[in-house]
Amino acid sequence: MTYTAGIDIGSGAVKTVIFRDGEWIAKRVERIRRRDPMELARHSFDEELKEKGLNEKDIAYIATTGEGENVKFATGHFYSMTTHARGGVFLNPQARAVVDIGALNGRAIYIDERGKVLSYKMTSQCASGSGQFLENIARYLGVAVEDIGGLSRTSQNPEKVSSICAVLAETDVINMVSRGIATADILKGIHISMASRLVKLLKVTGITKGTVLLTGGLAMDDGLLHALQEELATEKITSLTAVNHPDSIYAGAIGAALWGAFRHERLKELQERAAA
Amino acid sequence: MSTVTPIKDAKKKEVVKEDAMWIQKELINKNYHEIATAHETGRKVSATFVPGNLNELLMCFDFARRLPETDALQNGLRKKSGKMIMDAERDGHSEDVCTYVKTDLGMMLQGQMGPTGEPMPNPDLLLLSYTGCFTFMKWFELVRQKYNCETIMLHTPYQGDGKISPAMRDYVVKQIKEKVIPACERISGKKFDIDLLRQYMKESVKAEEDLVRVLQTAKHRPSPIDGYFGAVYYIGPMFTAFRGVPEATKFYRLLREEVEQRMREGKGPITPDGEMTEENYRLVVEGPPNWTSFRDFWKMFYEEGAVVVASTYAKVGGVYDFGFRHDPEHPIESLADYCLGCYTNLNFPQRIDMICKYIDEYQADGLLINSIKSCNSFSAGQLLILREVEKRTGKPAAFIETDLVDPRYFSGANVKNRLESYLQMIKQKRTAAAAAVA
Amino acid sequence: MKTFIGIDLGSTTTKAVVMDEARNVLGRGITNSRSNYDTAATVAKQEAIVAARFHLFREALSKSHALNGGLEAFIGQLERDFRLEQYLEQLADLEQVCENNVQAAKFGDSAKEVVVALQRLFSLLKEEAPTLFAPGAKRKSDFFRDIAGAGYLSAGERVAKEAGVRYDQLLNVFDRSIIEVENRVYSGTISKNLLAALERTYAAMPETLHRKEKISLPIQSVIDTELEETYVVGTGYGRARLPFSKEHIRSEILCHGLGAHVMYPHTATVLDIGGQDTKAIQVDKHGIVESFQMNDRCAAGCGRYLGYIADEMNMGLHELGPLAMKATKTVRINSTCTVFAGAELRDRLALGEKREDIMAGLHRAIVLRAMSILARSGGIRNEFTFTGGVAKNEAAVKALMDLVRENYGDVTLNIDPDSIYTGALGAATFAWRAVVEEGKEAEHKEKEAA
Amino acid sequence: MTVQDIVKRCEHLFEDLDFNVVSEWKAAQPGRKAIGYMPIYVPREIVHAAGMLPVGIFGGGDQLEVIQGDAYYQSYICRIPRSTIELGLTGRLDCLDGMLFPSICDVIRNLSGMWQILFKDKYVKYFDVPQDYADEVGGKFYIHEMQALRTDLGRLAGKEISDEDLKKSIAVYNENRKAVRELYAYRAQKPWQAPTSEVYLVLRAGCVLPPEEHTKLIRSYIAETNSVERPKRDNARVVLNGSFCEQPPLGLIKSIEMAGCYVVDDDFQLCQSWLLDDVSVEGNPLEELSKAFLHRSAQTASKYDDKKEDKGKHLLRQVKSRGAEGVVFAMASFCDPALLERPMLQDVLNKHKIPYTAFKFAENTGQMAPIREQAGTFADSIKLWSAA
Ligand SMILES: Nc1ncnc2c1ncn2[C@@H]1O[C@H](COP(=O)(O)OP(=O)(O)O)[C@@H](O)[C@H]1O
Ligand SMILES: Nc1ncnc2c1ncn2[C@@H]1O[C@H](COP(=O)(O)OP(=O)(O)O)[C@@H](O)[C@H]1O
Ligand code: SF4
Ligand code: SF4
Ligand code: SF4
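Residue numbers (the numbering used here), protein chains in the order written: chain A, 89 to 364; chain B, 398 to 835; chain C, 594 to 1043; chain D, 2 to 389.
Shown next, in the form of structure tokens:
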């Protein structure tokens, strides 16, 4: 039996998963919110091992991804787009693109059926469409993260956020509230501007048809999913279908664990060859 | 306190325009129609840029003349550019680069529907007359990459030392003679006739004379025109496909008469909301305007009684007020001089001199710089202009930032805040100066 | 009595200054700007008026010699007690709102436990409240949202565990409720709270009890004095939304210039670093603005940056400066993008840099941006006045002093502990001028007449 | 000197924002002069022939605190002009007797005028190059430009520059270009022996060293690094494109390598490899320089491509001849020429099925995580899947 683990340290949450011979046996997610992510990763992973009655020694390959390049107890590190791609096809074999919305950056990754990254596009620098921005605004508006999606979907007249800078966009939002714009409309407006950014990223990758799987923390925000679907419709891109998956948030960690298994086999081969 | 009173006999309810302006609008619409139907009528289509355009020369070959910058601007005014820019960005163009280019490419992606709603044919000739901006070069390379149009480069060297050397002129003349004209002949199938060129240029000169008169009426107090927001309408025909066209010459004559009449009557400029009746501030503006919120932008000025008496933008297609005229006697050479002398081909000391001169001659209260995110040609170094002008004229200067056609970069509140602060500052200083005298 | 009020509606905080006819500052008030500008302006004004009353108490009591040397201690205690009363009032309100919101949160079966946890949590908060306002106590912030929030979060984790509910659920309820409480104006209860505070103070300082009569009398008379809002001038980021007409509004540049001039008449250059803008202003010897520059459309390097950093570090804004002061070296930080501040910080921590050294670098980075804007406006001339919220931050001040010395040599640097009120002070001065120098009447009076 | 010593020395030269080595060179002999030039290309031969030291100015990098420079530039303009102004205003360029601003883009063009205003007592020239490649048209203009420079510098030196001087200098630079070509060839062959972070520094030393000395330095670097085996890693081979003007911080180059890429060709410091082969020392020197420029020089975004088919040829050649597996576009934020060029180059690469990735940087970029992530993913995808 071979166990591998994937640890995805994001800027919003730490995700850990354990696989046994390609089978997914454990998952855990912890929002960071003002805690040290490295300590949290250690703690969360320990808890998970305990739950499964495992020892760290039992894990053949501990793979990190995300901001986990410096995790001391890891066997190896994979870059997030590599892992999200792999995790994406694991969760949904139909997926031909993975859209990962992190706390700071968004990425659109165009993949083939084996999870090979064909091309990708990432947002850079200025980001009013980032997950963190949405979270900040939600907190400001007094909306719990879990409720954002539902509220957004009730919106009738979404109000768009125009500022490119997240800081100034915050002020935009304050102005909206003072103009009496409903919370739902503001949230939807943010969703729309995020969706339009994501569609832009998707287009730049060159994908033309297939399923687009949302991964990462905001994948569960069905308001965003909805906005993305709408945006695809208004852009008349009917050949792309946007979906999410209940376990979307684990995509990076899953990919890491799977790649870890792959590397583990490779390393074993190499060792055997060297010994022979 | 309102400084604007609506004009009774306005042709249209919501917008007020000078009479000549309606002619101008017709001209432009007609041109778009000509371009749209060029291929049906057996004409070839050229595309070229505003600064340093060889309009008279292109007329000699009967090209229907497209100016991609004007298309972008028109799309901006009609609030269509935002979507085009997004489309171009989705097609892989960077967020950082000139939005005129992206508007143009976005328009192509959307099926080449022109600003007036008529489809635009692909150009048969991209005349890359390259004056004062490197982006132009990339722009046509990009268009060529997509549409395979024939491209002719006319490289205009920069006035790095603040003067036009004979070598520079020779270089441009040679390119026109040996490259541009033969290519035009080949593409259009028409032989070049230098006398025709002379004849068009004679028209140009008349119109140029009148335009200069119009712009200079702003020296009068109160100024009968706005030398920035109003001027963009005045310069339209001259800087685009109409210089050398008799209708345009008529337009300028009419405009001049109208404006001079207003000056004699002591009237202020006409704004979209009517005539401005109180001139509180006289400003010189450097940098192109914003098109997507053109009206709102202008309104911030006239609501406060601020008139722009002179602007550098009104010189992008030729610095006529400092004496340059096309010369029918030496047509090719004067085309070369024209290319070499456009505002953005001037070096920094020249640009600063020009602004200082405007502040002085037009008795302005100060300089306002509208810095355009897109346009490095204008923007890079404007803060030095600001400082030098302040130092040399002793007049206050202010800085605002917008974009030409990218609505994401126009923040009304931000611009208003700065403009208001600036005008209040001028006022406060003036009161203090008056108090000191008293 | 006649008062002149200036309100500076900033992007982060709203400040008010109340001035009397002799141009003495009677009181200053501050609150965080929020979605409802009217509320923010009202609260700031109310706080300033409360402060004005304290000012008048002090004056009246010192005239009456009722406390003979014990005046400062007494007023200090009274002020803390008053804050405590206010805090308790808001806390009770928050508790109520939280409980109501549990219903809306759809917690299903666990709703009951959450309510129990909340009750436990709030009783803890109430218990610790007096220590927050004890003499010498350091608070993370002056704003209810921050103080209550910090307590809630820190006790919340423990309480959640004990009560067997998810920490997330408690967070959820807080996020839902705080905004409602924050947007409430408690105007009717000021006198009540004052009197209650007075009782607390007597209890805390029994030695004053025997003069209760002598002390209470002047206080009561101050409470009874009406503070007439003779003229109000608004300024600041949100001024366009202030409930005033154009006549009553001045650009923040003019107000900051004038405010700095009023505080330090020899001021030539003013730097103001606020929440999302940085202004460099040159004024002449009459306080008239000669030129100004602001940061461009990018909010990098403004005060909000420190806010993001504080969030990231789980610290209060007050604590950032002192931490940075412990640095032994300055880590070079190049990006001052506010949004990515947290990422930058994590990057550096991961590289093994020390927190305090990074903090020193972050402060220097902010000030570097400001130095550029100053350079744009024409440089630093003597005297140089630093205003705005960031002037409260000692590390920013230190970085500024270093950079000024490196680039401009010896320049007098003025920083007032109340520098955050500079814009409001300028506005109040404009209000005073409007009436006393220009003979204008208050707008609302005109309206009533009309 | 060991390879570490050589790299240390280059690093030292690179980090010396006060250009001490230039001052030292000038002090060694009275009357010596130094002329700065901005990126891409100027005919350094003319400066050298005047007995002067050509000094490449590539901005301030990530170690310079920019205060004054920011006062002159809006946030949406690239960094190199502001850090260059900062260098100038803080007196760090006082060792230069003049500055040449080649025709790169509007920003540098405008900077030339700003320099005239800010540094009134220095020689300043905007050095135009032709975008017309006919010998009789563009060539003639270009020779004029060079002649003007030659006259100016002759005047500055107090002695006319003879054809013989020029020919000697051409020979010196031919040798230098040859050494640079050797270095590139060596790196392409054994990228693990010559990491780009080192190659970059060795080349960068050529900005401040006399060409004769630089040529020696390059050759000794090749010899030394070849003598010590270094571990070979399983990295993807890439060509880096787009950093021809503003330079990425060294940390970024290292990050790309750390994330699994070997850079086997690039367009850093193009000036040194701009002319693709030797310039003839026979005939009229200016004419020869002109011919080399017009017909045998590298392509870059600042230069017009006469025909559509020409676009990307140079890049393709780099990829093919160096055996690269992909292209990394690393371009300065807000760099109009590079960013406008990129879609056209990508188009060409698509046609040839060459994978690429792209990101932007600033010379003072501090956050490497996104860079590593992108370069890493790119390398991962080449490595993990190249067999498949
Ligand atoms: N150093 C920087 N400072 C401010 N903004 C930046 C910087 N670098 C990049 N940006 C911004 O990042 C944004 C998104 O870029 P992105 O879409 O990822 O790249 P590209 O423009 O190459 O397609 C743009 O708005 C750009 O202006
Ligand atoms: N006590 C404090 N200690 C340190 N920094 C503070 C303090 N109070 C406010 N600040 C800083 O001041 C900023 C707000 O400044 P302020 O002048 O109120 O801005 P605005 O006028 O835009 O509302 C905050 O973002 C914060 O960084
Ligand atoms: S502060 Fe705002 S505008 Fe500036 S870099 Fe950051 S996100 Fe962009
Ligand atoms: S950069 Fe400026 S001059 Fe050049 S095309 Fe764009 S807007 Fe026109
Ligand atoms: S980096 Fe690009 S835009 Fe900036 S100066 Fe260089 S070529 Fe011009």
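Note that CB positions come from ideal geometry on N, CA and C, so glycine has one too.
Here the structure is a predicted model, which means the values were calculated and not measured.
DSSP state of residue i, grouped into three classes?
i: glutamate 614/C; result: coil
i: asparagine 143/A; result: coil
i: asparagine 1007/C; result: strand
i: phenylalanine 360/D; result: strand
i: arginine 769/C; result: helix
i: glutamate 1039/C; result: With a pLDDT of 45 at glutamate 1039/C, under the threshold of 50, the predicted position of this residue should be treated as unreliable, and no value is reported.
i: threonine 400/B; result: For threonine 400/B, the predicted model reports a pLDDT of 47, less than 50, meaning its position is unreliable and no value from the coordinates is stated.
i: tyrosine 134/D; result: coil
i: glycine 625/C; result: Glycine is not the amino acid found at residue 625/C; the sequence shown has asparagine there. Note: asparagine 625/C maps to strand in three-state DSSP.
i: glutamine 875/C; result: strand
i: aspartate 266/D; result: strand
Ligand 5 and residue i: does any heavy atom of the ligand fall closer than 8 angstroms to the residue's C-beta?
i: serine 303/D; result: yes
What I want to know is whether the C-beta of residue i ends up closer than 8 angstroms to one or more non-hydrogen atoms of ligand 4.
i: phenylalanine 775/B; result: yes
i: phenylalanine 721/B; result: no
i: glycine 778/B; result: no
i: serine 351/B; result: Residue 351/B is absent from the structure shown; chain B starts at 398 and stops at 835.
Roughly how many whole angstroms lie between the Cα atoms of residue i and residue j?
i: alanine 920/C; j: alanine 988/C; result: 10 angstroms
i: serine 808/B; j: alanine 196/A; result: 29 angstroms
i: alanine 72/D; j: glycine 624/B; result: 29 angstroms
i: glycine 867/C; j: tyrosine 830/C; result: 10 angstroms
i: aspartate 488/B; j: lysine 288/A; result: 8 angstroms
i: arginine 759/C; j: glycine 98/A; result: 21 angstroms
i: leucine 306/D; j: tryptophan 536/B; result: The sequence as given places aspartate at residue 306/D; leucine does not occur at that position. One C-alpha to the other measures close to 12 angstroms.
i: threonine 607/C; j: arginine 119/A; result: 33 angstroms
For residue i, is the beta carbon positioned less than 8 angstroms from some heavy atom of ligand 2?
i: tyrosine 338/A; result: no
i: asparagine 814/B; result: no
i: threonine 378/D; result: no
i: glycine 261/D; result: no
i: asparagine 986/C; result: yes
Using the rule of at least 16 other Cβ atoms within 10 Å of the residue's Cβ for burial, across every protein chain shown, is residue i buried or exposed?
i: aspartate 311/D; result: exposed
i: aspartate 309/A; result: buried
i: proline 554/B; result: buried
i: asparagine 450/B; result: buried
i: phenylalanine 133/A; result: buried
i: glycine 311/A; result: buried
i: histidine 49/D; result: buried
i: tryptophan 419/B; result: exposed
(message) So if I measure from each beta-carbon to every heavy atom of ligand 5 and keep distances below 6 angstroms, which residues remain?
(response) Working through the chain, the matches are Cys79/D, Ile81/D, Pro82/D, Ile105/D, Cys106/D, Val108/D, Ile109/D, Cys246/D, Glu247/D, Ala333/D, Cys336/D, Asp337/D, Pro338/D and Ala339/D.
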